[in-house]
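Under my numbering, the residue at position 78 of the sequence shown is numbered 78, and the numbers go up by one with no gaps.
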Amino acid sequence: MAEITMSIRRARTEDAAALSAVSDAAWREAYQGILPALWLERMIGRRGPRWWLSTVSRGRPLVVLDVGERVAGYVSYGRCRDRALPADGEIDELYLAPEYQGLGFGRRLFKAVRNDLEDRGAKRMSVWCLSDNERGCEFYARLGGRVIAETTERFAGIALKKSCFLFR
Ligand SMILES: CC(C)(COP(=O)(O)OP(=O)(O)OC[C@H]1O[C@@H](n2cnc3c(N)ncnc32)[C@H](O)[C@@H]1OP(=O)(O)O)[C@@H](O)C(=O)NCCC(=O)NCCS
């Protein structure tokens, strides 16, 4: 039987093209029917390999999940960017390519980030999720997050609710 390995590691500049492909597929699948189509296309278009190259080089932590030889997902995170929140750390984005969802990889990525933030002294962690992204919200609730704030953001004129989950 073939053995498939998985690992979680820091992103490298050579991952830019793979990160672009994963985010393209994941964003399309997660947000079609939620975010305005034109806005979504524009965002996906902006996040090409060049955008990822500069993001990888920027210094805010970014880790990738390798499954076999493929980049299957990524998480970006760091210090909480909103001082009004009772959190030290924050997950900015956590995305898996659609074919790798529902297999426990999201939980593993989340745990790896949680451990890394704790090692950096960030015990309380926040993450924002569009409230209409039911799967994302269920995932964070299932992992023990509690909604502590809600806000509305406009996307191409459409107002959408976002929920902030806190993990302590
Ligand atoms: C959200 C996401 C990261 C979850 O990762 P995943 O690998 O599919 O989730 P896991 O298999 O690790 O599941 C972890 C837990 O969440 C629960 N969960 C996952 N998807 C769920 C769903 N659609 N409904 C209810 N619970 C769900 C699982 O039941 C599991 O709990 P359990 O282990 O106690 O049974 C992944 O689906 C994804 O990348 N979605 C698109 C991007 C996105 O929405 N990101 C979040 C916004 S930043």
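We put the CB at the ideal spot given by N, CA and C, even for glycine.
Cβ separation of residue i and residue j, assumed to be a contact under 8 angstroms, to the nearest whole Å
i	j	result
L62	A11	4 angstroms
R81	E90	6 angstroms
V75	L94	5 angstroms
L53	A156	The pair is not a contact, with the Cβ atoms about 27 angstroms apart (cut-off 8 angstroms).
G78	L109	That pair is no contact at about 15 angstroms.
N115	I34	That belief does not hold up - the Cβ atoms of N115 and I34 are roughly 31 angstroms apart, past 8 angstroms.
A97	V147	At roughly 27 angstroms, the Cβ-Cβ gap does not stay under 8 angstroms, so A97 and V147 are not in contact.
Proximity test, residue i beta-carbon vs ligand 1 heavy atom, cut-off 8 angstroms
i	result
Q32	no
F139	yes
E99	no
A26	yes
E90	no
C129	yes
Helix, strand or coil at residue i according to DSSP, with G and I counted as helix
i	result
L85	coil
E3	coil
K197	Here the chain comprises residues numbered 1 to 168, so residue 197 is not present and cannot be evaluated.
R107	helix
E69	coil
Beta-carbon proximity list for residue i, same chain, < 8 angstroms, skipping 5 on both sides
i	result
T152	A159, L160, K161 and K162
L143	R107, F110 and F167
Neighbourhood of residue i by C-beta distance below 6 angstroms, restricted to the same chain and skipping five residues each side
i	result
I44	D24 and W27
Sequence-distant residues of the same chain with beta carbon closer than 7 angstroms to residue i, five excluded per side
i	result
A16	P49, W52, L53 and V56
Counting only runs that start and end within the segment 17–52, where is the alpha helix (DSSP H) found for 4 or more residues in a row? Listed in chain order, the complete alpha helix (DSSP H) runs (minimum 4 residues) inside the segment 17–52 are 37–46.
Minimum length 4: unbroken alpha helix (DSSP H) runs contained in the segment 109–158: Counting only runs of 4 or more, we get 134–142.
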